[in-house]
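Chains as they are written, first to last, in our numbering: chain A, 23 to 212; chain B, 4 to 610. Even glycine gets a Cβ: it sits at the ideal position worked out from N, Cα and C. Here is the structure we will look at, set down as structure tokens.
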Amino acid sequence: MTDDIILCGVGGQGTILASKLLASAAMGRDLPVKTAETIGMAQRGGSVLSHVRIGEGAASPLIGTRRASLIIAFEPAEAVRQLAFLRPGGTVVVSDRPIVPASALVGGPAYDVEAVMAYLRKRVERLVVVDADAAARDLGSAKCLNVVLLGAAVRSGALMLTADDIAEAIRRLVPERFQDLNARALAYAR
Amino acid sequence: MHTEFLMGNEAIALGALAAGVNVVAGYPGTPSTEVLETVAKRKGGQTYVEWSVNEKAAMEVAAGAAYAGARTLVTMKQVGLNVASDPLMSLAYIGVKGGMVVLVADDPGPISSQTEQDTRTFAQYSKLPCFDPSGVADAYAMIQDAFKLSERIGSPVLLRPTTRVDHGYESIKVADQDEWRVHQPEGFVKDPSRWVIFPRLSVVNHAKIEARNAQLSETLSDSRDNFVLPGAGEAARVGIATHGISYQYVRENLDEANHPSVLRVGTPFPFPERKAVQFLEGLDEVLCVEELDPVIERALIAVCGKFGLSTKIRGKLTGDIQPSGENTVESVGKAIACFLGSEPAAEVAPAEADPAPQLPVRPPVLCAGCPHRASFYAVKKAMGKRKTIYCGDIGCYTLGNAAPLDMVDTCLCMGAGINIAQGVFRVEPDTTCFAFVGDSTFFASGITGVVNAFYNQANLTLVVLDNSTTAMTGHQPHPGTGRTMMGEVVQKVSIEAVLRAIGLTTVETVNPLDHKHAVETVRRVADEPGVKAIIFKSPCVVLARPQSSSRVDATACIGCQRCIHELGCPALSLKGGKATIDETQCSGCTLCEQVCPVGAISGGERL
Ligand SMILES: Cc1ncc(C[n+]2csc(CCOP(=O)(O)OP(=O)(O)O)c2C)c(N)n1
Ligand code: SF4
């Protein structure tokens, strides 16, 4: 069995560190891991996507549509954009804070975040919504949204990894001065 | 040996180091860039590494070192091979002494490239052996095989991963540093009959190359890089031939108890014919699952013709596989299901009554505070309604094409913009012609363009966007930065001095974030005759990391949205009818402060 995880968001939101943390946590448990990252032009504010596959039996680093067990979305519209990856019965963890691109303000398609959230609520049975603004306020920083989302994903029961596995990965990969903030972010629940 | 979680490109770099590579040269380009960066980070004392000014220079540096017996690696993206193809085509005839691997990263999709060219086809054209890995561990092993083969046959060898292999991660076993091979170059041995290319040498060497490649097709048929997964069940009467990352997509879609036999081709050229014949024996049909060109498909058709086999070969040429673009797990799954005559698992179509809401589009944009935005805006304001053409080029500044700036009318390939502007001027002398070029692009292939335009009496304004880095590909140094990949601080090559040496008399260096002054300069310079230049000099904010940020005084903001609509800065948005600034993105560049008609924005600090 594999945990097939899609992380999605907007360039600059920290999806790559989140996928590194998941990979490191899995390796700490001696589980095989394959990941694939978006690197290049899209990092400049475009939609970004990481694939993380944990466990025996993964050939491709990329996950097929309708095969992801979990989607961790850093942004509501990006969750909808990647929803085709979700397998029936899969879980979506989503931050409710929209990032409105300049294109939506200068004549491109508009962004109705209410409609996007309503659609997610209707379509996804196992949906965990993270209140990103509240988390930023309570934790005193908006920069650890990625770890807040990982914490919510662990608690949703959709991962074979535990909070301790991820805490250890944080100790391995995150610079000393951000350790405390990230530990609190991992445990953060409202 | 130890285990590391590595990106494909990192594994390739570590493989080269384990093979004792002495000289590594390259030019950045997604998805190849991390190979050379990892060499620089992880190398020991026996390895020299450089970012060359372009791929042709890199190829020549590596060739010279390989003439002297060094093991060398050249890195580039696929379009870089177009730039380096002149030395490589001749080098194929001359050969090398030390092992030389030419790493060319292909980009099906394309995801971050101008073209979808296939380096396997280039391998056939140049007659050079080529390796095509399917994953991270595979790439690590193949680069070491490639060095061995190169040294054995005295010829450069190509290694062509694709984006999904370059940027995929796996945990794999790699050699410890003390296990790395130590390669001592013999030095250059004079021999004009070997190192000086003349037609009569090429006559002889061409014949040798053809004989060698026929021989290689034989030996590569036994290589571990070309292998067959035996089929199972009833489906075993047909086969699938595949390569690269598509091999993994095929595996994801195989039913363990009932599947075709699978040929994985790791050396597309010279094609392992004998292996292919063994594979084809007894198969009714074979589906070729490939990305980019139908290289294996054509080779198998040729094998069937040559050996009189009746197997039907299907793939791109029969419309069974999409002719362009990237394959995916599901596109390959569908193709295999159709091939086997079973229907793919029914797609559950989203209920018609429940369509997904409209989603915003997210084209990549210039960062908040990017100096290129200020440069484009200054030219736009200065030219107003004049008849102009803005010839762009390749780099972050290509993003100046997006609304609301809309300042890139053409973009072709690196360095082309200058002479394209010259060509437009020849046909439309009444158009005010601009050519925008980045600093790295200027050094890579802009200088010859300026010489051409100057010598041939063009009338155009060259705008050099000097942000002191190669930003698009992840901030590599270049000759103008005064830093090398060996960590030395060296004399900078001055763009202004180069332009003056060519003969330009007007060369003005301006900070684009000083909007008023920038506009005045553009107006004045554009009206001068001949070729003249403006160098907009201000550092990339990702490197400079300015600490200030601007704020909107909501009581002063009149809600005219001029800042938003003129600049398209991602930090600016609208909240309750007033402009607002996202502090996490804003770098305090002050451009919006200078655009606001009522002075409602303040707090930034201009770099
Ligand atoms: C022949 C070739 N080599 C490499 C690349 C990859 N590439 C794209 S943009 C770029 C350099 C951009 O640097 P610069 O001109 O300084 O502009 P900036 O991104 O800093 O704005 C490179 C190397 C390419 N597109 N074509
Ligand atoms: S990385 Fe630098 S050059 Fe590229 S868009 Fe951002 S600020 Fe501009």
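Chain-order list of chain A residues neighbouring C572(B): A124, by C-beta distance under 9 Å. With a cut-off of 7 Å, the C-beta of R145(A) is classified as distant from ligand 2, since no heavy atom of the ligand falls inside that distance. Cβ contact annotation for E569(B) (same chain, cutoff 6 Å, sequence separation greater than five): V598, in chain order. Close to chain B, meaning a Cβ-Cβ distance shorter than 8 Å, are the following residues of the stretch 35-58 of chain A: A45, S46, M49, P54, V55, K56, T57, A58.
Assigned with DSSP and collapsed to three states, F274(B) falls in coil, not helix or strand. With distances taken between CA atoms, I538(B) lies nearest to L468(B) out of N459(B), K130(B), L468(B). Distance from the C-beta of V544(B) to the nearest heavy atom of ligand 2 is below 7 Å. Neighbourhood of P131(A) in chain B, by CB distance below 8 Å: Q361, L362, P363, V364, in chain order. Relative to ligand 2, even the nearest heavy atom lies 7 Å or more away from the CB of H481(B). Per DSSP, F107(A) lies in no alpha helix (DSSP H) and is assigned neither H nor E.
For E58(B), the CB falls within less than 7 Å of some heavy atom of ligand 1.
Judged by their CB atoms, V466(B) and A438(B) are nearer to each other than the 8 Å cut-off. Rounded to the nearest whole angstrom, the CA to CA distance from I175(B) to D202(A) is 31 Å. Contact annotation, L290(B) with G318(B): C-beta distance approximately 6 Å; criterion of less than 8 Å satisfied. A Cβ-Cβ distance of about 50 Å is found for the pair K144(A) and D228(B), leaving them out of contact under the 8 Å criterion. For M49(A), the enclosing alpha helix (DSSP H) starts and ends at 37-50. Secondary structure note for Y250(B): it is in no beta strand (DSSP E), and the uninterrupted alpha helix (DSSP H) holding it is 247-255.
At the C-beta level, T165(B) and P111(B) come within 8 Å of one another.
In this structure, V52(B) sits near M489(B), with a CB-CB distance shorter than 8 Å. Our two residues, V135(A) and G602(B), have alpha carbons roughly 31 Å apart in a direct line. Here I94(A) is near V115(A), since their CB atoms are less than 8 Å apart. Within the stretch 75-89 of chain A, A80, A81, S82, P83, L84, I85, G86, T87, R88, R89 place their CB atoms closer than 9 Å to a CB of chain B, listed in sequence order. Just so you know, the alpha carbons of A302(B) and D287(B) end up roughly 17 Å apart.
For the stretch 161-187 of chain A, the set of residues with a beta-carbon nearer than 7 Å to any beta-carbon of chain B comprises A164, in chain order. When V382(B), D585(B), Q361(B) are compared, the shortest CA-CA separation from L142(A) is found for Q361(B). According to DSSP, residue pairing for Q479(B) in a beta bridge involves T473(B). Inclusion of V231(B) and T245(B) in the CB contact set at 8 Å is not warranted, their separation being larger than that value. For A99(A), the neighbours in chain B by C-beta distance under 7 Å run, in chain order, L362, P363. Sequence-distant partners of P90(B) (beyond 5 residues in either direction) whose C-beta falls short of 8 Å from its own C-beta, in its chain, are K59, M62, E63, A66. Scanning chain A for C-beta atoms nearer than 7 Å to the C-beta of I114(B) yields G62, reported in chain order.
Only those residues of the stretch 551-570 of chain B whose C-beta falls short of 7 Å from the nearest C-beta of chain A are listed: I567, H568. In the structure shown, D141(B) adopts helical secondary structure according to DSSP, grouped into three states. Sequence-distant partners of F272(B) (beyond 5 residues in either direction) whose C-beta falls short of 7 Å from its own C-beta, in its chain, are R123, A126, Q127, P132, C133. Interface annotation for the stretch 93-122 of chain A against chain B: A99, V102, R103, V122, criterion Cβ-Cβ distance under 7 Å. Cβ contact annotation for I561(B) (same chain, cutoff 7 Å, sequence separation greater than five): V601, in chain order. Per DSSP, reduced to three states, the secondary structure at F96(A) is coil, with no helix or strand assignment.
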